[in-house]
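Notes to accompany the following structure.
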Amino acid sequence: MQRLPFLLALASFLPTAALAAPPVTRLLPQDALVHCSPAAPCIQPTQDGVVRTLEYADGKKFPLQDYVNGGPNGELFLYVSDNASYTSGECNVGGSANPCHSQSLFVGMRLPRPRNASGDLVGLEGTVTLWLDAKRDETLTTVSGANVPREEDRRIVLHYSTVKGFTTFSQSKGGAITGWTPVTTPNEAWTTTVGVMTPASDPTHVHIEFEIKLAPVLPSGGASEPLLASVRKLGLGIDHTPIATTSHQTVGGGRFPNAKSLPPIDIMTESWQTLEFKDPTPIPLSFTMWNVGQMPDVTAWVPDGGSGEIDTVAQKIFNKEVACISEIWMSHERGELIERVNTLRHDANLPPMQAVTELNDDPLQPSLFSTGLVLLSSRQILEAGVHHFPFGMCTGSDCLQAKGVLWARVATPTATAPVIFHDHDTPLLATGTDYAEFVDVFCTHVNAGENTSGPDTNARELQFSDIKAYVQAVRQGGPLSSPFFPFSIEDSFPHGTWPSGLDRPAFLMGDLNTLGPKGAETDVGFAHYSDMMGPSRLGISALSQFETATTLYSRTRDLAQVVSGPVPAAGGTWLSSVCTDNVTSELSGKKRLDYVLVFPAQDTPDFPTFALLNGSTASVNPQFDPESGTVDAEGIVTQHCLSDHAMVDVTVKLARVKDVAKYNPLKKHQVEYAVKQVTDLETESGCCADWYTPRVLMTANGITRVNAFTDVIENQTIYPNWKVNTGPGNLVPFPDLPAGFTGTVNTTAAIWEDDYGPDDHYDSTPESGAILDMDEKDAHFSFFANSGVLRRVKGELLPDDWLTSVDFLGSFMDGYENGITVETEGQDTTTGNNARVRHYFNVKELESP
Amino acid sequence: MSTMNLKCAVLALVLGGTAQAVEPMVPYDNFNPLKSNPPRATKVRGIDPARWEHEQTGSRLESVRELAFTRLRLMSRSDTGASRLGLFFAQSSAVTALSAKVRMNNARSTGCTTPGAPVAQSAAELTGHFFNTRGATGRNLQDDVLAAIRTVSRSTDPVGSQDLRVEAVVERCTNASCSTRAQLFAADLGLVHQGEQATLRVQWDAANHRFVFQRDTQPEVYGAYTVTDTHPPGNPAKALLVTHELPGCASGTPAPLGYANAYFHDVFVNASAAP
């Protein structure tokens, strides 16, 4: 049998979805004309065999996972330079190779080295194969014959051994009946250089680095098209296969595209990944900051900041994406705002907003004893918390309040992008939310008073330092350090730990009561602003190593300093209590107190997972009450403002710069299940449920673990992080899943409310009619380790109920690097005791020894 | 100040309130279905029909009567005449005293532009008909005596002012529909800022032939009367209301406007009217 027909026949057994739609990665080439200049030089990988991570900062990073042998993961970096040539002094300034090379694809690989029986590192030996599909559009549009390698396509094979010290590579072209034939003339080859190193600076890895010229001179009719303006695509497959030996581990395998069941196939161009040479896929988000100027109740001596009421405020914000609202001091007003917003959204056929705020029904609690903040999100909130500034960190009447900061981990649009899973050729839409796709958002309101040097500013600056510490604590994934006498029990939630968000930008919205520059103004003259941004306060002014190395991503920290439109300095937000509709033309003369700031990803010599694209927009908009108009003697109607602060609206676009790792059954895994959020759906109004759970259960590998969290938490919505997990932290050993585990993991949780009479077992599942109370009310989940699939299942009355799917949430083979989360809602019409519950499940790969 | 200390201080403030002149006050409804005070045997969604009935007279442009999180919200906007919107107690006859936390979140009253035109007013009220001076016949309200404690906005308030006035009044109906009244007592209980919460109480002290009014922890104010108070009223209703009294303006001139958006919660009544 000829190899090609045989493999094509073999390919017919592969899931059709993979071949119908090859995976796509956008990779914007570094363009010397656009991105580089002597004043702002670029960095390009130096083809010396050493893969220095940040040399690829204008590229993208991918994991290399060995689905055959297991073991530690490697890393793959891709970078492309565009057509324009580099001039001296605008790229790799001071480096060993200057100028840089245009029209080149750089491939960098960091491959883990194996260890021998003594645990010592030994050399690596193997084969790297690169497949290059030149006319990618013809493959994607299924032009006849383009599904196999053709004459314009290339295969580069590298055999190497750091043990024996050899490196050989060859290049073939497609078009032969057997798939590939060696190139016969130098003109046929895509100019390639390769280096293999074990750098002293990274003794645990072997580095391999390719540079491939992407615009080769080919025979007539065979022109390569990757960088043609009309195409700008390339098919790329990569495989690294380590040579197995009996004397040491076999580790370091990996592939691109990174899929366990669909490796790149030698003679199937559709099995390779498509690189699109264009801007990274943007992930749009918008943020709104508004101090609504409500000063009711015991601060009656303070003039109301405007005529805004819950109705008019809700009307202005109900269709926002993420909004930070400040100065709603009373619990019942915050609760009513959330109700009103969601009534408006219901009327507009929009899903409800989720919220973070402090709600209580404690009659003895002073109404002002809160942050006065409400953080609303039309996107799912995966985690959340409330933090109050320490006692005494305030001046004057601010000490009657309890200012602080709210945190919400908000799912981005990509978290809920449709994912189709082929379950035995039956397409299923995964209903889970991808927990890897989020940003952390903070909402604050700091000490008021004078903006000049003095006690008010001193207190404010201490609060900035406190914000920085809290932001760091939650972004890193906890745990929250509980002070001996916490300000509020709410400040200690979520309990435990959660996935880190330090690998991406975060956003701080707030009335920071600090005068900031507008438009082109520099920080000069805004000393307290500089202090606020500087290292001892918020600590966001310095550029990270990645930001220094890249030319493609935004370095902006203060997103509304420059507003979009004809007057970039029209960003003043403090309108004063005497505010009328002519204020719109006066914004450039107003003080700027309200901000949307960026916390960059943690500064490391590595790629972040997400970066902020250039091109954010900002606007500052006073909000008017059309019914508050007054008429002067000449009959001219003047509108008044809803608030003495203008609303700040910002849009941003994120991009993923590091691809996700996927589930590899050959690795050891820690499994975690948690209840992340509980919302009371029981009543049309009222406050607040007293939540607890007697049962968060996991069964794995024949062992069952049940955790109870019986301390009551009061709120309409709580973010408790009640969890159970394998591995450390269990009083009784509850082992992690071993490598090669093929069984199931079962989980469930019960949601209860403490009540006057008998406590209420809340319903959190949409199904009904079960015999067992737990099956009737509690959601149940099963993880199938051999396939990586997570399903919501029927229940636990019968063993088979754990295997009976009622909802497909997703497959960890498709990614879900930080876990899958899903909401379930109860439907108990008899008692009305219904909750919406956010469940979280993760299989976390543990590093192999 | 720690949370605990502050709570203790507030508790002392609550418990240290003025002594009740007559019957003790007990909780009637806090408008919080989830944590009802007094507790209910079963949870009730929305406004409890066993405790409240709708009150609505006159015409209005817009109105809201709903449970808003943990409070009753009454909102009314009108451009004509007299109107009332709210809830009256289902067992009003037993109610001789009522108190509630009242917050007039926003109110505006615009009168006629004609010089000397009558004043426009909008109010949030705790009110009721308590007795009749001569013995009512059927639903004839003439000579019903009503008492109210209210937060009022008037068209004569200074332009741009965010201050409202708290008042206590005792009035006698002078016609069968009670659309005209004679004032028996009035007291000014001071200014309240828009959005500021005030605890208001009105209580009939029949033994002493007076009404007792109180705002927050201020000293009680007594509205004494000299009319006969032994006959039941024509309409025994006691209610939480927003009201408008708007003048008729000359043709061709702008219409008056009344707007009131008020919140009520923690309603208490005399013990014998407990639900």
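Protein chains in written order, with this note's numbering: chain A, 1 to 849; chain B, 1001 to 1275.
From the three backbone atoms N, C-alpha and C, an ideal C-beta is built for every residue, glycine too.
Shown in chain order are the members of the segment 307-323 of chain A whose Cβ falls below 7 Å from a Cβ of chain B: Ser307, Glu309. Short of 7 Å from the beta carbon of Pro1236/B, and not among the five residues preceding or following it, lie these beta carbons of its own chain, in chain order: Ser1092, Ser1093, His1129. The beta carbon of Asn1032/B falls within 7 Å of a beta carbon belonging to chain A, placing the residue at that interface. The beta carbon of Leu1067/B falls within 7 Å of a beta carbon belonging to chain A, placing the residue at that interface. Per DSSP, reduced to three states, the secondary structure at Asp279/A is coil, with no helix or strand assignment. Using a Cβ distance threshold of 7 Å, Val1212/B and Tyr1028/B do not count as a contacting pair.
In the three-state DSSP reduction, Asn69/A falls in the coil class, being neither helix nor strand. The Cβ neighbour count for His332/A, taken over all protein chains shown within 10 Å, is at least 16; the residue is labelled buried.
With contact defined as three or more Cβ pairs closer than 8 Å, the segment 250-260 of chain A and the segment 139-155 of chain A are not in contact. Here the alpha carbons of Asp800/A and Leu772/A stand approximately 14 Å from one another.
Residue contact with chain A for Thr1133/B: absent (no Cβ-Cβ distance below 7 Å to any residue of chain A). Contacts with chain A at 7 Å (Cβ-Cβ) include Pro1039/B.
Distance from the CA atom of Phe808/A to the CA atom of Asn458/A, rounded to whole angstroms, is 53 Å. A Cβ of chain B is located within less than 7 Å of the beta carbon of Tyr756/A. For Gly385/A, the closest Cβ of chain B is not nearer than 7 Å. One thing to note: Pro112/A has its Cβ within 7 Å of the Cβ of Gly74/A. The three-state reading of DSSP puts Trp498/A in coil, since its state is none of H, G, I, E or B.
Leu140/A: member of the alpha helix (DSSP H) spanning 136-140, first to last residue. For Gln1183/B, the enclosing beta strand (DSSP E) begins and ends at 1181-1193. Between Asp759/A and the set Thr710/A, Gly175/A, Ser768/A, Gly729/A, the nearest pair of CA atoms involves Thr710/A. With a threshold of 16 other beta carbon atoms within 10 Å, Val1095/B meets it and is buried. At a cut-off of 7 Å, the C-beta of Arg1071/B has a neighbouring C-beta in chain A. Counting only runs of 3+ residues, the beta strand (DSSP E) found wholly inside the segment 573-616 of chain A occupies 594-599, 610-612, in chain order. Within chain B, no C-beta atom comes nearer than 8 Å to that of His669/A; the closest sits roughly 41 Å away. Judged by their CB atoms, Glu1171/B and Leu1146/B are nearer to each other than the 7 Å cut-off. Taking a Cβ-Cβ cut-off of 7 Å, Gly1111/B has no neighbours in chain A, whose nearest Cβ is about 13 Å from it. The beta carbon of Ser397/A sits no closer than 7 Å to any beta carbon of chain B. Neighbours of Lys1238/B in chain A, taken as residues at a C-beta separation under 9 Å, are lacking, since the least C-beta distance is about 23 Å. According to the DSSP assignment, Met774/A belongs to no beta strand (DSSP E) but to the alpha helix (DSSP H) extending over 773-777. The residue from Arg26/A, Arg791/A, Val706/A, Gln827/A with its alpha-carbon nearest to that of Thr431/A is Arg791/A.
Look at Ser326/A: its C-beta is not under 7 Å from any C-beta on chain B. Contact of Lys1035/B with chain A is assigned, a C-beta pair being separated by under 7 Å. For His332/A, the C-beta contacts it makes with chain B under 7 Å involve Phe1069, Thr1070, Arg1071, in order along the chain. Assignment of beta-bridge partners to Met533/A by DSSP yields no partner. Using a CB distance cut-off of 7 Å, Glu450/A does not count as an interface residue toward chain B. Counting along the chain, no alpha helix (DSSP H) covers Gln1214/B; the unbroken beta strand (DSSP E) around it starts and ends at 1210-1215.
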